[in-house]
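Asker:
Protein chains in written order, with our numbering: chain A, 1 to 516; chain B, 517 to 1032.
1) Quick check on residue 601/B: does DSSP put it in helix, strand or coil?
2) With 16 other CB atoms within 10 Å as the buried threshold, where does residue 767/B fall?
3) Span of the beta strand (DSSP E) holding residue 1008/B?
4) Taking contact to mean at least 3 C-beta pairs separated by less than 8 Å, is the region 340-351 of chain A in contact with the region 394-402 of chain A?
5) Can you confirm whether residue 953/B, when its beta carbon is compared against all beta carbons of chain A, has any partner nearer than 9 Å?
6) Please check the pair residue 952/B and residue 900/B, which I expect to be a contact at CB under 8 Å, by giving their CB distance rounded to whole angstroms.
7) Anything in chain B within Cβ reach of residue 307/A, meaning under 7 Å, just list it in chain order.
8) When the Cα atoms are used, what is the spatial distance from residue 175/A to residue 81/A?
9) Consult DSSP for residue 998/B and reduce its assignment to one of helix, strand or coil.
10) When you check each C-beta in the region 441-457 of chain A against every C-beta of chain B, which residues fall closer than 8 Å?
11) Rounded C-beta distance between residue 655/B and residue 996/B? I'm assuming under 8 Å.
12) Answer yes or no: does any C-beta atom of chain A fall closer than 9 Å to that of residue 828/B?
13) Taking DSSP's pairing of strands, which residues face residue 280/A in a bridge?
14) Counting only runs that start and end within the region 107-165 of chain A, where is the beta strand (DSSP E) found for 3 or more residues in a row?
15) Sorted by chain position, which residues of the same chain lie with C-beta nearer than 7 Å to residue 431/A's C-beta, five sequence neighbours on each side aside?
16) Cβ atoms of residue 759/B and residue 849/B: under 9 Å apart, would you say?
17) Report the rounded CA-to-CA distance for residue 282/A versus residue 395/A, giving the unit in angstroms.
18) Is DSSP giving residue 705/B helix, strand or coil here?
19) Using the beta-carbon of each residue, which ones in chain D are nearer than 7 Å to residue 880/B?
20) Rounding to the nearest angstrom, what Cα-Cα distance links residue 883/B and residue 141/A in this structure?
21) For residue 5/A, I'd like the list of residues in its chain whose CB is within less than 8 Å of its CB, leaving aside the five on either flank, ordered along the chain.
22) Run through DSSP, which three-state label would residue 698/B get?
23) Could you name each continuous beta strand (DSSP E) segment of 3 residues or more that falls completely within the region 40-103 of chain A, going from the start of the chain to the end?
24) Please report how far the alpha carbon of residue 583/B lies from the alpha carbon of residue 1021/B, in whole angstroms.
25) Between the alpha carbons of residue 839/B and residue 820/B, how many angstroms are there, rounded?
26) On the CB-based measure, 16 or more other CB atoms within 10 Å of its CB, does residue 1027/B come out buried or exposed?
27) Consult DSSP for residue 787/B and reduce its assignment to one of helix, strand or coil.
28) What residue range does the beta strand (DSSP E) around residue 330/A cover?
29) Please specify which runs of the alpha helix (DSSP H), each continuous and at least 4 residues long, are wholly inside the region 3-45 of chain A, giving them in chain order.
30) Could you check the C-alpha separation between residue 123/A and residue 136/A for me, to the nearest Å?
31) I need the DSSP call for residue 168/A, collapsed to helix, strand or coil.
32) Measuring CB atoms only, is the region 209-229 of chain A touching the region 50-67 of chain A, in the sense that at least three cross pairs come out at less than 8 Å?
33) Closer than 6 Å by C-beta to residue 199/A: which residues in its own chain qualify, once you throw out the five before and the five after it? Chain order, please.
34) Using a beta-carbon distance below 9 Å, is residue 395/A in contact with chain B?
35) Determine the DSSP secondary structure at residue 774/B, reduced to helix, strand or coil.
36) Run down chain B in chain order and give the residues with a C-beta less than 8 Å from the C-beta of residue 34/A.
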C-alpha cells in the first residue's frame, strides 16, 4: 500500500480497496470537477406491480451475489429491525464478501460482528460503532473500512465513489409505487433523508414498510420513480427504541456548566443578535442543555433565530412553538416530539444530506449556519478534532454529520476536559476527523479556548467574564488532572480510512495491538 | 440526411443536428439501458454570495457564448416576462446560433421569430406555438427543431440528449441561496416542476425572482444546492396573464355534448366505481366541462377518486374541497384557484415531470392513472393522434404532456368531429404525435369510437345508450360534413422532429410550401 503525507502531516494511503484516492489538502481546497455518477437508465414500462410477498422475494428479485454493496439508512436508530433481518437472510444464503454501506449502525446491530468474522461482510463503508468498530480495530475486516460523514456519504454515492448494488430502505409509510415517508405509521421516525442518495443512485431499491397505504403516499421523501420493489413486513422497528437514548438534559453540574459557557459565548460574541442567527446542536446531554440555555438567552434578548438545525428534539420543537426560531431544518428526529412536529408543523422542514451537508453542490446549508455545537473524543493543539477513535486506540464511533456541520461560521466543540480519566485536550489527536482550521472554539468546564485563526472572535470576547484560556493552558490543566495517557500500540496495517467530506483521505486508522 | 421507416411506417431521420437517434419502435418497446447524465461536480466552497445586481451581471457570470443552449420554464404561461427579457439581452450582445430550450412558449414570446430570422436562435428544442411554429414550418431555423413532451424533455435532459448550458428560472419566490417556489409572491404561478430537470442538470442555473425572502424559502421546488446565481428584478411576469386563457367551461352545445359523452363513457365502463379511480384532464373548455360532468356523476354515485391530475383549475379544486378526490397531483396551475389551493391545501400536491411523466424512471404516475382525457388536431384510422400540426401542414402546437398522459389505462381523445371546416378523423394523420396503440377511445359529438385493441372496453360498453361507432364511421361522417381537405405541399427538408417520450423519433415535420 503506497502512503503519502496529507496537508496535516498524516500518512494516508493513495489507494483504498483498489480505488485511487487523494490526500486531504485543506478544508476548502477541493474545487470539484469531473462528472457525477448518473445511474443506470430504467424503462417505466418494465415496472408494473412492485409489491413482493416478502423479503426473500425481494432478495431473489435483486439477484444479490457475492461481493455486492448493500445499503441501509439509520433513521430507526437503535430500534431498527431491517439491517439484521436482511443480513441474517443474506448470511443464511451463504453469500460472502458483501460490502455493508449503512448511513450508521447502532448497538442493536452488534451481531454483525459475527458476519465480519465469517466473511459474509468483507468490510463496511459508512459508520461504525461499538462491537463493529472493535472488530475493525482488531483487523477482522478483509478490506479497509471507509468512514464518511453524512454529507461525505451522499457525495461519495453521487460521485460514483460508492456504488450501491441494492438499497434496502426501511419506510414507516409507503405506497405500492414506492413513495415513502418517515412521518406516518407505527414506526414513524421523522425524516428519511439519509436514504435519499441510496434511492437515487442504487441499482436496485427495495422499500420495506410496515404501513402500506394507497397511492399516493405523501410526503414522498423517497420517490416511487426510483424504487424497484416494495415489501410489507410486520414491523420495521421498535418504536420505543427508535428515538435516541439521550433525550434528557444532563444533570451533571460539569456538563451543565459547559453548556452554559457555550451559550454565553454565543451571546457575548454578538452572533446571537446578528441578523439571521441560526445554530445546530445534537442530541447529547450537553447539546440539549445548550439549546435550553440558548433559548433562555434569546428570550431575554427578544431575538429569534431564522432557523435551527436538528436532529430535532423536544427542546428545539419548544423553540419553534414559542417563536424562538422561524424554522427547524431537520435531518433526523431524536425523539417523538421531533417526529410529531415534523409531521404537523409546516415550519418544521425535512432535510437530507444533499441540501444540508453535501460539499459537491452549489452550496449547502452547513455553510449558511452561524453556530454549530459539536462533541469530540480528542482535540489537539492545532485544534484538530477526533470523533472516531478513543485515546486508547479503539475505533468506536462514526463521523455523523461532524465534518459537515463544522463548516458553520462558528464551530464550537463542547467537551469535559477529562473523560474516563483521559484528557480531551492533548498535544496530538490519535485520529484526525476534522482539521483544526474548521474548529473555532473549544468549551470545557475549565475554560474556553478560541482558535488563534479567529482574531475576530478574540476581539469580540475581549473583556468577557468567561474563562478564556489558550488551548495549551487547557492541555496543561487536563494533563495535571489525569496525567498523560500511554499511547496505544498499532501495527502498520490500515484497517480504516477517515474520508473527508470532499472525498480526500484525512487520516488512516491502524490495527490495534490490544493491551495485555 | 439518412432516413429510416419507424414501426408506424413514418420516414424519420437517423441523425438530428449531428446526434444519432433511433426510430420509434412501439410505445413500450424501449427497455432503457445506458447511463444517465450525471452533471458536473461543483464545490460548495466556491459558492458564497450568489446574489447578483441584475440580469446582465448574471449573463456575464454565466459566460454565455455563441451556440449555447439556454433554457426556461413556462409556468408563468402567457404572463412570462423572462424569456423575452433574457433573449433581448442576448440578441443585443450580438450572440448567434443559440439553442432555445423552453418547456413551452406562448403568444407573448412571438417576437422570438425575429431572432430566428436573424440567427440569434439557430433552433428550438422544446415546444413551439403560433408564430414560432410558423417560422419553423417555413424552414427559417438553421437546424432541426426537436419537439418533446414534458416527460420527454425531462428524459432528454437526464439522459444527456439535451445538455443545457444555462438555465434561467423565473421564480415567484426565492431566497439568496437559490431555494425557490412558485406559490408565494406577487407572481405566484403554482408548481415549478417544469424547471426541475434544468436545475439539476444545467451547467449554470440562474434563479430570477421578484420576491426575494430570507433563507429558508420553503417549499423549495428548486433547491439552492443546484443554483449558481440569484437575481432580483422588478417583475418576472404579469399575474393577470399567468393563468391560462381557457378557464371557463365551454358554452358550445357541441363541446358540452362531447364532455358529457366522455364522462358518461367513464361511468358506463365501470372504471369510475373501480377501486382507485383517478383521472387527468386539461384546461380547455371541453376538459373543464368533463371535470364538471364527472364530478356530478361521482357525487350521484357516492364515489371519490384517489387522485386527479392537473393542470389544476378551480373545478378540480372544487372536487378536492368537496371530498370528490383525496388528492390533486398538480404539474401546473391553470388558474389562481389552483395556485391558492396548492399553497394552502396539504392534499394539493406539487409534482414535476420526473415523478409524473418520465419514461426513463422506475415507473411514473402517468401509468398509474385510470383515465386521461386529451385533445387532438387529427386522429386517423389506426388511432394515431396528431397534436402538433394542422391538416394544412402548419406546425402550430407543442406536445405538452400528451404522449406521457396517454400512458393511462384508458386514454380518451375528445374533439369536435369537424373543426374550422376540417375533419378531425381521417385516413392518415399529417403528423404522428402519439401511436394509436396508446389511444383507447375517441369521443366526438357524432359518436364514440373504441379502439378495437380494447376488447375489454367494447365488452363493458355493450348495451350502452352512448352513440358507439367505428372509427371508419366517424371518418365517413366527418368527410360528408366537410369534404376531404386538400393535402398540404411539403419539400423534402425536415424542419422538425417529433421525439417520442423514450427518445425515439416518431415522426418528422417537413418544410411547408405555403399555399398561394
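For glycine and all other residues, C-beta sits at the position ideal for the given N, C-alpha and C.
Since the structure is predicted, the reported quantities are computational estimates derived from the model, not experimental observations.
Answerer: Short version:
1) In the three-state reduction of the DSSP assignment, residue 601/B falls in the helix class.
2) Exposed, because fewer than 16 other Cβ atoms sit within 10 Å of the Cβ of residue 767/B.
3) 1005-1015
4) no
5) no
6) Between the beta-carbon of residue 952/B and that of residue 900/B there is about 5 Å, and that keeps the pair under the 8 Å contact cut.
7) Those are 732, listed as they occur along chain B.
8) One alpha carbon belongs to residue 175/A, the other to residue 81/A, and they sit about 20 Å apart.
9) helix
10) Under the 8 Å Cβ criterion, the region 441-457 of chain A contributes no residue.
11) That belief does not hold up - the Cβ atoms of residue 655/B and residue 996/B are roughly 36 Å apart, past 8 Å.
12) In terms of beta-carbon proximity, residue 828/B stays away from the interface with chain A, with every pair separated by 9 Å or more.
13) 309/A, 372/A
14) Within the region 107-165 of chain A, the complete beta strand (DSSP E) runs of at least 3 residues are 121-126, 145-147.
15) 386, 388, 389, 498, 507, 509
16) yes
17) 21 Å
18) coil
19) Of the protein chains in the structure, A and B, none is chain D.
20) The alpha-carbon atoms of residue 883/B and residue 141/A are separated by roughly 45 Å.
21) 11, 12, 23
22) coil
23) 69-72, 98-102
24) 24 Å
25) Straight-line Cα distance between these residues: approximately 7 Å.
26) Result: buried.
27) helix
28) Taken as a continuous stretch (DSSP letters only), the beta strand (DSSP E) holding residue 330/A covers 325-330.
29) none
30) 8 Å
31) strand
32) By the Cβ criterion, the region 209-229 of chain A is in contact with the region 50-67 of chain A, since at least three pairs of Cβ atoms, one from each stretch, lie closer than 8 Å.
33) Sequence-distant partners of residue 199/A (beyond 5 residues in either direction) whose C-beta falls short of 6 Å from its own C-beta, in its chain, are 205, 222, 226.
34) No - not a single Cβ of chain B is within 9 Å of the one on residue 395/A.
35) Collapsing the DSSP output to three states places residue 774/B in a helix.
36) Those are 556, 557, listed as they occur along chain B.
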